[in-house]
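J.: Numbering of the sequence shown is given in this note's numbering, commencing with residue 1 and proceeding in unit increments.
Glycine included, every Cβ here is placed at the ideal spot set by N, Cα and C.
Computed from a prediction, not measured in an experiment: that's the story for all the values here.
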Amino acid sequence: MFPQTISIGRVFGIPIGFHTSWLLIFGLLSWLLASEFQGISYPNGEIAFSPPAALLLAVVTALALFASIVLHELGHSVVALHYGIAVRSITLHVFGGVAVTERDAPTATAEFWIAIAGPLVSFALAGICWLLAHWIATPATIVMFSWLARINLVLGIFNLLPGFPLDGGRVFRAIVWGITGSASKGLSWAIGGGKLVALGLAGWGVLQIVSSNNVLAGVWPILIASFLYSTAKGTELFARLSASDAAHQVGLIMRDVDPWLSGDTTIAQWLEREGGRTLLVGNGDTVNGFLARGAERKVAENQRASQPVTAVATPLGSLPAVTPASGGQAVLDLMQQFNLDSYPVIDRGRVVGWLERDAVDALVRGGLTA
Ligand SMILES: [Zn+2]
Numbered sequence: 001m002f003p004q005t006i007s008i009g010r011v012f013g014i015p016i017g018f019h020t021s022w023l024l025i026f027g028l029l030s031w032l033l034a035s036e037f038q039g040i041s042y043p044n045g046e047i048a049f050s051p052p053a054a055l056l057l058a059v060v061t062a063l064a065l066f067a068s069i070v071l072h073e074l075g076h077s078v079v080a081l082h083y084g085i086a087v088r089s090i091t092l093h094v095f096g097g098v099a100v101t102e103r104d105a106p107t108a109t110a111e112f113w114i115a116i117a118g119p120l121v122s123f124a125l126a127g128i129c130w131l132l133a134h135w136i137a138t139p140a141t142i143v144m145f146s147w148l149a150r151i152n153l154v155l156g157i158f159n160l161l162p163g164f165p166l167d168g169g170r171v172f173r174a175i176v177w178g179i180t181g182s183a184s185k186g187l188s189w190a191i192g193g194g195k196l197v198a199l200g201l202a203g204w205g206v207l208q209i210v211s212s213n214n215v216l217a218g219v220w221p222i223l224i225a226s227f228l229y230s231t232a233k234g235t236e237l238f239a240r241l242s243a244s245d246a247a248h249q250v251g252l253i254m255r256d257v258d259p260w261l262s263g264d265t266t267i268a269q270w271l272e273r274e275g276g277r278t279l280l281v282g283n284g285d286t287v288n289g290f291l292a293r294g295a296e297r298k299v300a301e302n303q304r305a306s307q308p309v310t311a312v313a314t315p316l317g318s319l320p321a322v323t324p325a326s327g328g329q330a331v332l333d334l335m336q337q338f339n340l341d342s343y344p345v346i347d348r349g350r351v352v353g354w355l356e357r358d359a360v361d362a363l364v365r366g367g368l369t370a
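Pasting the structure below:
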């Protein structure tokens, strides 16, 4: 298989790599820069760069941007290491870069400094590139360093927008956390900010398309906006599922797991012997997924005697993980969203229980009698 992330080395012991999706951006950016550089001419009208020279300069500039983003992520990482948080990896992808840390910041102060370090590096790089553009006065270095100064300035400012998952959202989270003393309150404010930033960015993209007919200039902000919005939403769901007061934790009402169906059982056998009820599906000791009531409808009636249940089962990994400590309301919303009447409870990678929608509903309404 073609690897999704290509490793390029280590800095401070942190593996650095890029996701294959970054190659697309690298190619597109080199091409856009090359055509921009080809259009540059001296005051006397003479063209500054031949097409091959413009292309070479564009590739070098795109690589320097790659290095700038790695330095931005290293900024976050060095401060995280300072607070004793291990950094697992730095990866560049289509929407920028990400430094994956072993755990969350322990205090609001640590969160603040880890988050702001990246944009501070970008601003420092913008300043250095601006100076280099003035000190090394050749056409190629002026063009390259001026562009890098501008893009690093834009990256620093954009990342400071106060919405999760942007750095500014984490700064915002740290400030709310510091003032209220509640990390989760900080996160929910930052998530709200993230949704607003995403909507604003999408609106701006639409405006670009309508007003300038420049589709590329508009589609890009919309793509980034949808990435930001879905990340903010995913984090919100994760946060809601992981934190709940003791009285509303679904672990109180989950029931034992039935023995699971073997994956080679046919759909018809499941309907006939088990009445089509919700069941886990697995092979040997491993659970792979589960059959939801009505799942047989994914396959035509005349196929059900020959198709195995795995053809219509929902893979376990495709759903947000509910743990015994998850809150009832979050789980109920989840069941509604995926239209499921029952839901597996997972603890340390193992299915430990089942939830029925009626029971979760009762838990949420305070009707727990058990
Ligand atoms: Zn950052």
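1. Classify tyrosine 42: buried if its beta carbon has 16 or more other beta carbons within 10 angstroms, exposed otherwise.
2. If we call anything under 7 Å between Cβ atoms a contact, is serine 342 one with threonine 278?
3. Assuming threonine 141 is part of the alpha helix (DSSP H), what are its boundary residues?
4. Measuring CA to CA, which of Gly27, Ala53, Leu23, Ile25 is closest to phenylalanine 37?
5. Pull up the CB-CB distance for arginine 173 and tryptophan 189, whole angstroms please, since I reckon it's below 8 Å.
6. Taking C-alpha atoms, which residue in Ile253, Phe227, Gly168 lies nearest to leucine 355?
7. Is aspartate 167 near ligand 1, in the sense that its beta carbon is under 6 Å from a heavy atom of that ligand?
8. Compare the Cα-Cα distances from aspartate 361 to each of Asp285, Ser226, Gly327, Ile40 and report the closest residue.
9. Within a Cβ cutoff of 6 Å, which residues of the same chain sit near methionine 1, ignoring the five residues on either side of it in sequence?
10. Measure the C-alpha to C-alpha separation of tyrosine 83 and alanine 295 and round it to an integer number of angstroms.
11. Residue range of the beta strand (DSSP E) that aspartate 256 falls in?
12. For proline 119, collect the residues of the same chain with a Cβ closer than 6 Å to its Cβ; drop the 5 residues on either side in sequence, then sort them by chain order.
13. Apart from the five residues on each side of it in sequence, which residues of its chain come closer than 6 Å, Cβ to Cβ, to alanine 359?
14. Measure the CB-CB distance between valine 351 and valine 219 and report whether it falls below 7 Å.
15. Going along the chain, which residues of its own chain have a beta-carbon closer than 7 Å to the beta-carbon of glutamate 111, five neighbours each way excluded?
16. Take alanine 115 and list the residues in its own chain whose beta-carbon comes closer than 6 Å to its own, dropping the five residues that flank it on each side.
T.: Result, derived from the coordinates:
1. exposed
2. yes
3. It spans 139-159 - the alpha helix (DSSP H) in which threonine 141 sits, taken as one unbroken run.
4. Ala53
5. Under the criterion of beta carbons closer than 8 Å, arginine 173 and tryptophan 189 qualify as touching, at roughly 7 Å.
6. Ile253
7. With a cut-off of 6 Å, the C-beta of aspartate 167 is classified as near ligand 1, since at least one heavy atom of the ligand falls inside that distance.
8. In terms of Cα proximity to aspartate 361, the closest of Asp285, Ser226, Gly327, Ile40 is Gly327.
9. Annotation note: pLDDT 43 at methionine 1 (below 50); position unreliable, coordinate value reported separately. If we look at methionine 1 and ignore the five residues flanking it on each side, it has no Cβ neighbours.
10. A direct Cα-Cα distance of roughly 49 Å separates tyrosine 83 from alanine 295.
11. Unbroken run through aspartate 256: none, as it is neither H nor E.
12. Gly156, Asn159, Leu160, Asp167
13. Only residues of its own chain outside the window of five on either side were considered, and among them Ile253 have a CB closer than 6 Å to the CB of alanine 359, listed in chain order.
14. no
15. Excluding positions up to five away in sequence, the list reads Ala105, Arg170, Arg173, Ala174, Trp177.
16. Asp167, Arg170, Val171
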